[in-house]
Amino acid sequence: MNTLLRLLASSALLLVLLAGCDPVFTPKPRGYFKMKFPERKYRVFDQPGYPYTFEYPVYANVVKDSLFFGEKAENPWWINLEFPTLNGKVYMSYKVIGAGDNSYEKLVNDAFKLTYKHTYKASAIDEKPIHTPNDVYGLFYNVSGDAASAKQFYATDSVKHFLRGALYFDATPNADSLAPVHQFLQEDMWHLVQTLKWR
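Residues -21 to -1, 1 to 178 in mature numbering (1 follows the signal peptide of the UniProt record, and there is no 0) are what the sequence shown lists, from first letter to last.
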């Protein structure tokens, strides 16, 4: 009988101890690799025959873009600004206002539509006005959330020149993991717009 009481007392004590344990598990947030960014330095894009010049980072390459969704580009002044170490690319398309059906209003509406196509994945779209002493006007878009292109802009003199840029990465859109790279390249894109000059 004594053994039975000891066994019951031991079982009751074990149940009390187990009931006192905290079963709540709190997972740690997912981590991402720390990025080491290159030192910020710029050089001038000033190619003969192009209707614009600007400063761009030394860690980027300017590549002529001759195709637009498999078709020939509208003119020879379309370029891509490639960031090989960051796996990103700014697609830049240039259009002449008044050429064909390229009215100023149509080009601005097209830029707006292309940016706002990302609303189904975006949590917000902020617009920052562009106005420089070099006769450059437009909007810089910051698209928050898991949108395919988080940074976009259009720049124009509203008379002849219209340049649109959009940053894309060769990766699945993930706002958390790409946030440091977006912030880093946003400064470079803003610098490009601020140093943009028309010819």
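Glycine residues also receive a C-beta, built at the ideal position from the N, C-alpha and C atoms. Bear in mind that the values here come from a model prediction, so they are computed numbers and not experimental data.
Check, Outcome
"Across the segment 56 to 74 and the segment 100 to 119, are there enough close Cβ pairs to call them in contact, namely three or more that are closer than 8 Å?", "no"
"Apply the 10 Å Cβ neighbour rule to K96 and answer buried if 16 or more other Cβ atoms are within range, or exposed otherwise.", "exposed"
"For W57 and Y35, which I take to be in contact (beta-carbon distance under 8 Å), what is that distance rounded to the nearest angstrom?", "Between Y35 and W57 the Cβ distance is about 15 Å, and since that is not below 8 Å, they are no contact."
"For the beta strand (DSSP E) that T94 lies in, which residues bound it at each end?", "Looking at the DSSP string, T94 is not in any beta strand (DSSP E); the run it does join, the alpha helix (DSSP H), is Y83 to Y95."
"Cutting at 7 Å between CB atoms, please list the residues of its own chain near D125, excluding the five before and the five after it.", "K100, P152, N153 and A154"
"Using a Cβ-Cβ cutoff of less than 6 Å, which residues in the same chain neighbour F62 once the five nearest sequence positions on both sides are dropped?", "A39"
"Can you give the beta carbon distance from V172 to M14, rounded, assuming they're within the 8 Å contact cut?", "Contact doesn't hold; Cβ gap of about 23 Å is too wide."
"Considering R22, what are the terminal residues of the beta strand (DSSP E) in which it resides?", "Y21 to F24"
"Roughly how many whole angstroms lie between the Cα atoms of T174 and K85?", "25 Å"
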